[in-house]
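Residues in the sequence shown are numbered from 18 upward in steps of one, following the numbering used here. Glycine residues also receive a C-beta, built at the ideal position from the N, C-alpha and C atoms.
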Amino acid sequence: MKYISTRGKCSPQTFEEVLLTGLAPDGGLFVPESLPELSCDEIRSYQSLSYPELALKIISPFIGNEIPAGALQVIIEESYREFDHPDIAPLSRLVGNEWILELYHGPTLAFKDFALQVLGRLLDYVLTKKEQRVVILGATSGDTGSAALEGCRHSDHVDIFILHPYKRVSDVQRKQMTTVPGDNVFNLAIEGNFDDCQRIVKAAFTDQAFLPEHRQLVAVNSINWARILMQIVYYFSAALKLGAPDRQVSFSVPTGNFGDVFAGYLAKRMGLPVDRLVVATNQNDILHRFISANEYSTTNLSKTFSPSMDILVSSNFERYLFDLFDLDAIALSDFMNRFGKETLSVSEQQWQRVKDWFDSASVDDDTTCEIIAEVFKESGRLLDPHTAVGVKAARICKDDQTPIITLATAHPAKFSDAIAAAGLALPELPKHLTDLFEREERYTVMPNEITEITNFIKNNCRP
Ligand SMILES: *Cc1c(COP(=O)(O)O)cnc(C)c1O
């Protein structure tokens with residue numbers, strides 16, 4: 018399988034090459050040249066597979082013979098052994114035809130473990146083979162950071178630098194990042210917001226001359242294709258449990274960078290019978306405005322109870338737009354270049370295609386708290402605020418016939434502010450994290466300044 022850039026000015030790359038970079042050299046994002054299409058019979062034959070077996074089936078065509086099947090199987094099995102539920106991604110009923118896909122049973126309690134546990138091991142495998150060292154650089158609105166550190170820190174081939182917005186992540190999120198041990202681990206708290214962190218990371222990737230010789234940057238954000246790839250698997254897993262391919266299901270996906278929901282979109286294109294994909298946003302509603310009103314423009318950032326979705330510009334949306342523009346890289350580049358300067362829209366026909374597959378809703382903080390309280394009263398289940406946004410959006414958009422599955426993207430103990438605001442008792446951290454607040458923290462506060470950051474990286478890479 019080869020990968021092409023959404024901006025069209027870069028030769029097709031292998032999976033390994035795409036794994037070891039971030040943005041394509043032309044500033045675009047890598048997407049697979051084509052998608053495997055699975056027949057109903059094939060999907061039906063997956064019904065009895067365990068989660069790791071299913072993962073191997075789904076991702077193998079995207080990797081081809083670049084990594085031998087046996088090695089890939091070991092990587093996957095080891096990755097999901099870290100999860101504290103035997104089903105890995107258990108599906109449970111909320112009420113009626115509303116379902117919850119619990120994606121928070123990994124080591125850092127958010128869905129990002131599904132991809133980053135594997136990504137860390139894939140990197141280690143490839144870098145060992147190539148006898149190469151790299152620098153991992155990532156921006157996080159809270160959950161990517163800890164998941165990336167957990168997934169990658171054991172590799173001797175990486176130095177990891179994670180930028181988070183100073184004082185804009187939850188206490189648990191910060192502690193989970195800053196207490197990770199290791200002399201190859203660096204947390205930088207940037208005096209700015211998440212978009213500032215993303216901007217710095219993007220600039221560093223564009224000009225890597227500051228790095229020591231023979232090093233390159235590797236992205237752990239969802240611009241890294243391997244992350245999206247691993248997330249396709251749980252859409253199949255959940256739909257199979259509800260009777261796919263013989264029954265349609267819908268998904269509601271709490272969305273920030275559009276990575277997770279893009280994986281659902283790919284699952285549908287690969288043949289999974291998905292009816293609707295609901296894009297659930299908080300007050301930062303650019304995607305909701307686009308889907309519901311064909312209006313694509315930035316506004317100001319709101320700080321909400323669901324900080325992992327406090328994002329102005331969803332980086333992965335470009336991957337979807339590329340499809341919507343029928344792989345016309347010139348039209349896409351033009352669209353992206355005009356973005357931020359004016360309010361953009363797509364043609365009527367394109368917008369119709371958007372609405373054929375996607376629904377959307379924007380849920381504010383008050384409503385988030387209300388739904389947390391409401392669901393707790395209904396079923397005794399405590400939702401984290403991101404999941405609550407998803408459940409509310411599902412209730413706004415659902416029909417009576419089709420089961421709708423909300424992706425529970427984080428464990429409620431990670432986001433106690435919203436739980437307290439909903440008037441509920443705070444949940445306990447799972448066992449392996451009960452001493453989190455006693456662990457020693459290490460992080461450096463840095464100005465929102467690209468050269469300060471690149472200097473720090475240069476001076477702290479291990480020789
Ligand atoms: C990252 C994250 C999201 C948003 O996911 P995207 O792939 O960026 O859309 C939602 N909820 C939680 C808890 C997250 O950590």
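Checklist line | A106, enclosing alpha helix (DSSP H) - first and last residue | finding: Run containing A106: none; DSSP gives neither H nor E here.
Next item on the list: Kindly indicate the opening and closing residues of the beta strand (DSSP E) around F47.
Entry: Per DSSP, the unbroken beta strand (DSSP E) holding F47 starts and ends at F47 to P49.
Next item on the list: Note down, in chain order, each residue of its chain lying with its Cβ closer than 6 Å to the Cβ of T423, except the 5 sequence neighbours on either side.
Entry: These residues qualify, in order along the chain: I117, S269, G407, V408 and A411.
Next item on the list: Determine the extent of the alpha helix (DSSP H) in which F279 is found, giving its start and end residues.
Entry: Residues G276 to R286.
Item checked: For F268, the first and last residue of its enclosing alpha helix (DSSP H) -> Careful: F268 lies outside any alpha helix (DSSP H), inside the beta strand (DSSP E) at V266 to P271.
Notebook entry, point to check: Does DSSP put Q64 in a helix, in a strand, or in coil?
Noted result: Judged by DSSP in its simplified three-state form, Q64 adopts coil rather than helix or strand.
Item checked: Residue burial classification, R370 (beta-carbon count within 10 angstroms, cutoff 16) -> Burial state of R370 is exposed, judged by a 10 Å Cβ sphere holding fewer than 16 other Cβ atoms.
Margin query: Pull the bridge partners of S517 from the DSSP assignment, please.
Written below: The requested residue 517 is not part of the displayed model; the chain covers only 18 to 480.
Notebook entry, point to check: Per DSSP, Y337 forms a beta bridge with which residues?
Noted result: Looking at the DSSP assignment, Y337 forms no beta bridge with any residue, so it has no partner.
Next item on the list: State yes or no: is the C-beta of T361 within less than 8 Å of the C-beta of L349?
Entry: The sequence shown places Leu at residue 361, rather than the Thr named in the question. Not closer than 8 Å, so no.
Check: Using a threshold of 7 Å, is the CB atom of A410 nearer than that to any non-hydrogen atom of ligand 1?
Finding: With a cutoff of 7 Å, A410 does not count as near ligand 1, since its C-beta is closer than that to no heavy atom of the ligand.
Check: If you draw a straight line from the alpha carbon of S323 to that of I93, how long is it in whole angstroms?
Finding: Pairing S323 with I93, the inter-Cα distance amounts to about 30 Å.
Note to self: Report the CB separation of N299 from T315 in whole angstroms; it is logged as a contact under 8 Å.
What the structure shows: Incorrect: roughly 15 Å between the Cβ atoms, too far for contact.
Next item on the list: Using the DSSP secondary-structure output, state which residues sit across from I179 in a beta bridge.
Entry: Paired residues: G155 and N204.
Notebook entry, point to check: Excluding the five sequence neighbours on either side, which residues of its own chain have a C-beta within less than 7 Å of the C-beta of I413, listed in chain order?
Noted result: Hits under 7 Å: A378.
Note to self: Just to confirm, is the Cβ distance from T15 to A405 under 8 Å?
What the structure shows: Residue 15 lies beyond the range of the chain shown here (18 to 480); nothing can be said about it.
Next item on the list: Determine the direct distance from the alpha carbon of F222 to that of P198, and round the result to whole angstroms.
Entry: One C-alpha to the other measures close to 26 Å.
Next item on the list: Sort F356, L341, D345 and N311 by Cα distance to V330 and report the nearest one.
Entry: Among F356, L341, D345 and N311, the Cα nearest to that of V330 is on F356.
Item checked: Complete runs of the alpha helix (DSSP H) confined to the segment 315-394 [at least 4 residues] -> The qualifying runs are 334-341, 346-355 and 365-374.
Next item on the list: Using only the heavy atoms of ligand 1, determine whether one of them is closer than 7 Å to the beta carbon of D373.
Entry: The answer is no for D373.
Next item on the list: Would you give the residue range spanned by the beta strand (DSSP E) that T461 belongs to?
Entry: It spans T461 to M463 - the beta strand (DSSP E) in which T461 sits, taken as one unbroken run.
Note to self: Do P444 and D101 have their beta-carbon atoms positioned less than 8 Å apart in this structure?
What the structure shows: Cβ distance not < 8 Å, so D101 and P444 don't count as in contact.
Item checked: Local conformation of V295 per DSSP, three classes -> In this structure, V295 counts as strand in the three-state DSSP scheme.
Check: What are the start and end residues of the alpha helix (DSSP H) that includes A255?
Finding: Element bounds for A255: W242 to K258.
Check: What is the rounded straight-line gap between the Cα of D58 and the Cα of G397?
Finding: Approximately 39 Å between the Cα atoms of the pair.
Checklist line | Outcome for V266 when other beta-carbon atoms lying within 10 angstroms are tallied against a minimum of 16 | finding: By the neighbour-count rule (16 or more Cβ atoms within 10 Å), V266 is buried.
Notebook entry, point to check: Could you give the distance in angstroms between the alpha-carbon of P429 and the alpha-carbon of C27?
Noted result: If you draw a straight line from the Cα of P429 to the Cα of C27, it is about 42 Å long.
Checklist line | Sequence-distant residues of the same chain with beta carbon closer than 6 Å to L24, five excluded per side | finding: Correcting the residue identity first, residue 24 is Arg in this sequence and not Leu. Hits under 6 Å: D43, G44, G45, A346 and S350.
Notebook entry, point to check: What does a CB cutoff of less than 7 Å around S65 pick up in its chain, not counting 5 residues either side in sequence?
Noted result: None.
Margin query: Taking the alpha carbon of D224 as the reference point, which residue from L257, N476, I467 and F473 has its own alpha carbon closest?
Written below: Out of L257, N476, I467 and F473, I467 has the C-alpha closest to the C-alpha of D224.
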